[in-house]
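Take a look at the structure set out below.
Residue numbers (the numbering used here): 5 to 198.
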């Protein structure tokens with residue numbers, strides 16, 4: 005096959021050279037209005053075309069590669085105590101897979117146990133390109149299934165306004181769960197980097 009970026013022959017959908025040149029993650033952060041920190045690995049504009057593949061047949065391969073390069077190394081560096089439960093935001097299956105489930109599963113490590121389909125949106129309206137006011141007037145209305153564990157890591161692919169993560173955090177707090185921090189692949193408006 006050919007690399008999606010440089011079109012050279014590759015055993016992977018994106019060759020190792022392009023992964024090194026264009027997909028080396030950075031650990032970036034911002035703090036939500038509720039004080040919870042969100043860590044992201046890429047600037048949104050740097051991987052925007054790759055993020056849009058989640059709605060296509062190659063999305064599974066792209067998201068798996070991005071997760072392997074960012075989420076998996078992050079999880080391996082965390083100390084095993086305290087132990088965390090990771091939850092993907094709305095792990096609904098589209099095109100045969102869930103992109104947030106791929107990211108969530110990549111966190112499996114001594115420190116993190118991923119739980120799947122525990123935090124599902126009952127409102128399926130798309131937030132893509134919508135204003136903060138629209139998002140506020142159309143909440144996700146999360147349904148939370150029972151699970152064990154108190155220290156939670158929330159997982160999503162993109163953070164824009166932070167409203168989805170804030171709503172998920174509030175829903176979990178009502179259930180007595182503690183959200184330690186959130187992880188996303190990319191942030192639309194990053195403030196600082198480490």
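Note that the Cβ used here is the ideal one computed from N, Cα and C, for glycine as well. For clarity, every value in this text was computed on a predicted model and none was experimentally measured.
Asked, Found
"Residues near residue 11 in its chain [Cβ-Cβ closer than 7 Å; skip 5 each side]", "none"
"Assigned secondary structure, residue 156 (DSSP; H/G/I helix, E/B strand, else coil)", "strand"
"Integer-rounded CB distance, given that residue 93 should sit under 8 Å from residue 104", "6 Å"
"Which of helix, strand or coil DSSP assigns to residue 178", "helix"
"Cα-Cα separation between residue 26 and residue 50, rounded to whole angstroms", "8 Å"
"Beta-carbon proximity check, residue 68 vs residue 106, cutoff 8 Å", "yes"
"Own chain, CB closer than 8 Å to residue 63, minus 5 neighbours either side, in chain order", "57, 99, 101 and 103"
"Local Cβ density within 10 Å of residue 139, reported as buried at 16 or more and exposed below that", "buried"
"Beta-carbon proximity list for residue 87, same chain, < 8 Å, skipping 5 on both sides", "115, 116, 117, 153 and 155"
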